[in-house]
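Structure first, then comments.
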Ligand code: GLC
Ligand code: CA
């Protein structure tokens, strides 16, 4: 990490009027959001039922993780039909109704597109398996001859992100197929023009139905280095940032330029947001050049420790890189792939990104983690650009850190014999009503993953109307952010003490104390604070405030 920039630094967010430049976007993981029919799995009708809640939270858009037909080997990121809803989640009719209801409330809808791989149950893969080696249909995927005397060795040394080999052998053949994730998720061959044409059709299918955008899954993986050269490095660094011949290849950008054109065929400001675990920020910015995608998740921000210098560095570099290409930056703290930040901030190394937490590992300090997460919310929502909220974050939900192995479903847990604990702990169903079975998640009280006991006190109904609650903190923050147009604003750093950040955005000054000691609160009227300010002029430890 380079030295902190010493001079006051002014960064301007791009000034275009498109809604996504400043939007607060709420991520819904459908199977864990709200269950309307009592099978223990969240569904689209459940999402519809919570639209009034989302509207009163003050968000601008929702992003739905996949709800397509899928064997659910990776929570739906294994798609068997891109143009239909899995019966588990409802029907296309349910989707259309939900979309209309969301739009009636002024909420945009972004859906997840999974173009790097299909499910092995997809008809393209089934046909490929039936086709002779070297044949046209195999060309939809990456089939290669195995090495060794009788093809018994994989074509190269690539490893799966979820652990184990990135190649699986077809029974009775010398051919293998590539899967950067689970063996049930064969990678598509984006050199094949038919694959490109199919996906343009899929984009149009959903754009015609009225969706406002797509979150593009592993956007940095679609094109592989020609010849699939050996790579003995790790496929994924512990940080989550990916290096190697399967990531961030120049060829991906041509795909996004063509998708940008497809979106322009439709009225309204439709958008694409990239999930690309690349570094540095200047590489990420290439995905959001003005003829490609519109946003990219800022994972440097998610990965940053609870530390003033580290966060300031990330903020400066991300604003600067995005400004170079005229894109807004994004601010993301949690999603369905990472330990919830409330829990990460409560670790002895605050902000460390473990690959899941179970009962045998260090247990986060729940109160301290939540205290810091509330302060981090004041930072995030004061920054210019677009901000993401992962479902339950507004309730201050912690990770389920003691989930029993018997309940785990993440393929990475099984592919590594439990070395990677996996992502189930951040995917536990949302508590809506305390005291009810499954805290009101399901009408029948079932829940596909059990909730920890603590969820009852985090339930939305308990927090509703309590001015000290995290839910009400988020509501106020989003309202103020909107009223003061902070998402379209600009950031100016002001001098601050060690371990403290102070900046201005429009008429608001924002102060965040990252230390475990109190610090001086700047003069002014406190609009909102992450903890009560009991002593005038004193900002408590691990706390933040907005002032005018
Ligand atoms: C992305 C998704 C993750 C999924 C993987 C494979 O990283 O966010 O949940 O497992 O892609 O599709
Ligand atoms: Ca259900």
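Numbering (my numbering), first residue to last: 3 to 550. We put the CB at the ideal spot given by N, CA and C, even for glycine.
So, for residue i: in the same chain, excluding its five sequence neighbours on each side, which residues have a beta-carbon less than 6 Å away from its beta-carbon?
i, result
"residue 372", "344 and 398"
"residue 360", "423"
"residue 11", "Annotation note: pLDDT 36 at residue 11 (below 50); position unreliable, no value reported."
"residue 457", "433 and 441"
"residue 531", "547"
"residue 27", "63, 65 and 390"
To the nearest angstrom, report how far apart residue i and residue j are at their CA atoms.
i, j, result
"residue 402", "residue 448", "17 Å"
"residue 546", "residue 93", "44 Å"
"residue 516", "residue 480", "22 Å"
"residue 14", "residue 321", "Reliability fails at residue 14, whose pLDDT of 40 lies under 50, so the model's placement of it is uncertain and no value is given."
"residue 20", "residue 265", "14 Å"
"residue 58", "residue 109", "11 Å"
"residue 453", "residue 132", "43 Å"
"residue 34", "residue 538", "42 Å"
"residue 251", "residue 222", "7 Å"
"residue 2", "residue 216", "Absent from the structure is residue 2, since the part of the chain shown begins at 3 and ends at 550."
"residue 204", "residue 393", "27 Å"
"residue 314", "residue 503", "8 Å"
"residue 1", "residue 281", "Examination of residue 1 is not possible in this model, given that the chain is present from 3 through 550 alone."
"residue 140", "residue 127", "8 Å"
"residue 40", "residue 123", "27 Å"
"residue 462", "residue 506", "32 Å"
"residue 301", "residue 376", "19 Å"
"residue 157", "residue 357", "28 Å"
"residue 296", "residue 275", "6 Å"
"residue 332", "residue 42", "33 Å"
"residue 342", "residue 233", "32 Å"
"residue 485", "residue 509", "11 Å"
"residue 540", "residue 500", "15 Å"
"residue 151", "residue 185", "24 Å"
"residue 144", "residue 180", "6 Å"
"residue 465", "residue 291", "41 Å"
"residue 468", "residue 482", "18 Å"
"residue 135", "residue 176", "9 Å"
"residue 363", "residue 439", "28 Å"
"residue 30", "residue 431", "11 Å"
"residue 3", "residue 323", "Confidence at residue 3 is low in this model, with a pLDDT of 34, below 50, so the placement of that residue should be treated as unreliable; the coordinate-derived value is given next. Each residue's Cα considered, the two are about 16 Å apart."
"residue 119", "residue 130", "14 Å"
"residue 386", "residue 493", "7 Å"
"residue 593", "residue 497", "Examination of residue 593 is not possible in this model, given that the chain is present from 3 through 550 alone."
"residue 455", "residue 408", "18 Å"
Can you round the beta-carbon distance between residue i and residue j to whole angstroms, since I take them to be within the 8 Å contact cut?
i, j, result
"residue 413", "residue 75", "6 Å"
"residue 273", "residue 214", "7 Å"
"residue 511", "residue 549", "5 Å"
"residue 113", "residue 208", "6 Å"
"residue 192", "residue 225", "5 Å"
"residue 299", "residue 277", "6 Å"
"residue 190", "residue 142", "6 Å"
"residue 348", "residue 368", "6 Å"
"residue 477", "residue 60", "6 Å"
"residue 524", "residue 513", "6 Å"
Looking only at its own chain, which residues have a Cβ that is under 8 Å from the Cβ of residue i, when we skip the five neighbours before and after it?
i, result
"residue 1", "No statement about residue 1 is possible, as the shown extent of the chain runs from 3 to 550 and does not include it."
"residue 418", "164, 165 and 166"
"residue 235", "245 and 246"
"residue 388", "22, 23, 24, 25, 26, 27, 297, 330, 331, 332, 333 and 489"
"residue 435", "441, 442, 461, 462 and 463"
"residue 528", "535, 547, 548 and 549"
Can you find the residues in the same chain that come closer than 7 Å, C-beta to C-beta, to residue i, ignoring five residues on each side of it along the sequence?
i, result
"residue 543", "515, 517, 518, 519 and 520"
"residue 155", "148 and 149"
"residue 72", "78, 80, 81, 82, 88 and 121"
"residue 340", "304, 355 and 428"
Give a single yes or no on whether residue i has its beta carbon closer than 8 Å to a heavy atom of ligand 4.
i, result
"residue 32", "As presented, the structure is devoid of ligand 4, carrying ligand 1 and ligand 2 as its sole ligands."
When you compare the CB of residue i with every CB in chain C, is at least one pair closer than 9 Å?
i, result
"residue 486", "Of the protein chains in the structure, only one exists, and it is not chain C."
Problem - Cβ contact check for the segment 309–323 and the segment 251–260: 3 or more pairs under 8 Å - result: Contact check between the segment 309–323 and the segment 251–260: fewer than three CB pairs, one atom from each, fall below 8 Å, which does not count as touching.
Practice task
Would you check if the segment 280–293 and the segment 194–203 touch, i.e. whether three or more CB-CB distances between them fall below 8 Å?
Solution key: The segment 194–203, when compared against the segment 280–293, does not touch it at the 8 Å Cβ threshold.
Practice task
Say whether the segment 481–492 touches the segment 405–421, bearing in mind that this needs 3 or more beta-carbon pairs closer than 8 Å, one atom from each stretch.
Solution key: The segment 481–492 vs the segment 405–421: no contact.
Practice task
Would you be able to state if there are at least three C-beta pairs under 8 Å between the segment 381–392 and the segment 420–427?
Solution key: Cβ pair count under 8 Å is below three, so no.
Practice task
Decide if the segment 162–178 is in contact with the segment 102–118; the criterion is three or more beta carbon pairs, one per stretch, under 8 Å apart.
Solution key: Segment contact: the segment 162–178 against the segment 102–118, fewer than three CB-CB distances shorter than 8 Å; contact not assigned.
Problem - Any residue whose CB is nearer than 5 Å to a heavy atom belonging to ligand 2, listed in chain order - result: Those residues, listed in chain order, are 37, 39, 41, 43 and 45.
Problem - Heavy atoms of ligand 1 versus C-beta positions, residues under 5 Å - result: So the residues near ligand 1 by this Cβ test are 76, 79, 183, 219, 220 and 339.
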